[in-house]
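Engineer: After the structure tokens below, expect a handful of questions from me.
Residue numbers (the working numbering): 176 to 703.
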């Protein structure tokens, strides 16, 4: 694409994916939805209160867990430290509603714990369960943010200097480490709050059956089930509130996290030299087992057990739950999910490539436009797209693809931006000096060097799109259901074994597709 067309094309894409949908959402909320009438409804006030306090509680728990794990892995040398880091981050790959289903299958009544010990955690299905599972899902975000701050060279230097002066580990932690990484701690909490506030899968699985409703589930009910004339106006107003709060929180967190980059210098992170106490390694691995390994094991056992209430002993195992749930509708939804995710990933990579091309040519930064939509909750994205394009595209796969691209564009932009920043200008200048056209330079020089980043960006978008639930559940119509929507349908009608079987299939697919990202991350970073 010529330089003359590239910039107008980018402006048009930002308008289609961001400005027009969000502008219509805000306009409808302010002038057509009756904001004061909506906020005066008792159910809405309850949902707002539930969303705020549960997000605060989940973000606090997530920060405590994530920061503790970051300290153990990056200030100490725990047993199998590399595997521990991978296990903590792996929680990000598990779809949140699958995580909720796994906790339900393991710890709730008639779950694995009940089967093995006769005990169960009744609070899992209710507000406490929502908070705990939200915290578990958000803890890896806090872990990554705090670990990045801890691994900065300046933070390490000051820690070791304090210890060399005779300060004990506890005093160093209180008086040196925590003050130094405080912006990262604040940023980690804010990111956890935004993630919990925008979550739909966890509260719909664990909260709604117990009468615990949040803003996201209230929007879903208003759109999907309510026949009242003002229901959609309520959904619009609540979606606008979610978007506004999330954007403010993410901007604040970005400012806080950005200050932690001041700690870094060119020497890179200092590796830990002190071996972790046995209790610290044990506690970290116990956390991984309780929050990840055991729940997924419980989900698998529920998927292969003949019926709820039967022991999970091998004598009661069967594959009939898989064969029964993988019917024609499910296979169609599975294929549709893969096709939609692949299409959205291709488009997102192309759009991200256009953005980074313009950024490399010295034009304005286009990445923040992608980050804005990534920060907006999926509930708000779906309602915005419905208002903007529903007149022409309602109940079609095209509106779902547009929403996917808008929501996940930042995932494609990040690896491409990192990779192209590592390309030395002399590489393209030499090609131009030898007479190569811009197109030939792109094909022969730039694209091969960026291939790992291109594949990584495609895989990132595909992984998150193929298990996406929030947008799909609000925008799908007859014949456009995705696999995540089918799983939610089974859960809503009360078929736990079929739900578990399909959740295992989805988690397996996501895990298999995500595995290459580990190698690809090293490859695209290696170009820098």
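Just so it is clear, CB atoms sit at the ideal spot from N, CA and C, and this is done for glycine as well. Owing to the predicted nature of the structure, the values given are computational and were not obtained by experimental measurement.
1. Among the candidates 278, 183, 661, 222, whose CA atom is the shortest distance from the CA of residue 381?
2. Does the stretch 487-505 come close enough to the stretch 666-674 that 3 or more CB-CB pairs lie under 8 Å?
3. Counting pairs of beta carbons, one from the stretch 498-506 and one from the stretch 298-307, are three or more of them closer than 8 Å?
4. Would you call residue 257 buried or exposed, if buried means 16 or more other Cβ atoms sit within 10 Å of its Cβ?
5. Following a CB-centred definition, is residue 587 positioned closer than 8 Å to any heavy atom of the ligand HEM?
6. By DSSP, does residue 567 sit in helix, in strand, or in coil?
7. Quick one: Cα of residue 186 to Cα of residue 206, how far?
8. Using alpha carbons as the reference points, say which of 524, 471, 649 lies closest to residue 558.
9. Buried or exposed for residue 212, please, with buried defined as at least 16 other CB atoms from any protein chain shown within 10 angstroms of its CB.
10. On the DSSP bridge assignment, give the partners of residue 492 in chain order.
11. Could you spell out where the alpha helix (DSSP H) holding residue 216 opens and where it closes?
12. When you compare the CB positions of residue 541 and residue 556, do they come within less than 9 Å of one another, or not?
13. Sort out for me which residues DSSP pairs residue 450 with in a bridge.
14. Shortest alpha-carbon distance to residue 361 belongs to which of 534, 316, 220?
15. Can you give the Cα-Cα distance for residue 545 and residue 468, rounded to whole angstroms?
16. Whole angstroms are fine: how far does the CA of residue 661 sit from the CA of residue 582?
17. Around the C-beta of residue 457, are 16 or more other C-beta atoms found within 10 angstroms, so that it is buried, or is it exposed?
18. Give a yes or no on contact between the stretch 386-393 and the stretch 216-235, applying the rule of three or more CB pairs nearer than 8 Å.
19. Roughly how many angstroms lie between the CA atoms of residue 408 and residue 204, to the nearest whole one?
20. Can you grab the Cα-Cα spacing for the pair residue 483 / residue 201, in whole Å?
21. Which runs of the alpha helix (DSSP H), 4 residues or longer, sit entirely within the stretch 356-425?
22. What did DSSP end up calling residue 271 once you bin it into helix, strand or coil?
23. With residue 315 as the anchor, note down where its alpha helix (DSSP H) starts and where it stops.
24. If you measure between the beta carbons of residue 687 and residue 479, is that distance less than 9 Å?
25. Less than 9 Å between the C-beta atoms of residue 584 and residue 628, yes or no?
26. Just the Cα atoms here: how many angstroms apart are residue 595 and residue 466?
27. Between residue 640 and residue 550, is the Cβ-Cβ spacing less than 9 Å?
28. Are the CB atoms of residue 644 and residue 553 within a distance shorter than 9 Å?
29. Between the C-alpha atoms of residue 302 and residue 363, what's the straight-line distance to the nearest angstrom?
30. For residue 570, is the classification buried or exposed, using 16 other Cβ atoms within 10 angstroms of its Cβ as the cut-off for buried?
31. Reducing DSSP to helix, strand and coil, say where residue 230 ends up.
32. For residue 294, which residues from the same chain have a beta carbon less than 8 Å from its beta carbon, with the 5 sequence-adjacent residues on both sides left out?
33. Quick one: what's got a C-beta closer than 6 Å to residue 322's C-beta in the same chain, skipping five residues either side?
34. In whole angstroms, what is the alpha-carbon distance linking residue 651 and residue 516?
35. Could you give the DSSP three-state label for residue 145: helix, strand or coil?
Structural biologist: Concretely, from the data shown:
1. 278
2. yes
3. no
4. exposed
5. For the structure depicted, the ligand HEM is absent and the ligand set is empty, with no information on it obtainable.
6. helix
7. 27 Å
8. 649
9. exposed
10. 480
11. Looking at the DSSP string, residue 216 is not in any alpha helix (DSSP H), and its letter there is neither H nor E.
12. no
13. 252
14. 316
15. 34 Å
16. 21 Å
17. exposed
18. yes
19. 7 Å
20. 46 Å
21. 357-373, 390-399
22. helix
23. 302-325
24. no
25. no
26. 37 Å
27. no
28. yes
29. 23 Å
30. exposed
31. helix
32. 288
33. 245, 249
34. 14 Å
35. This structure cannot settle anything about residue 145, because the visible part of the chain is limited to 176 through 703.
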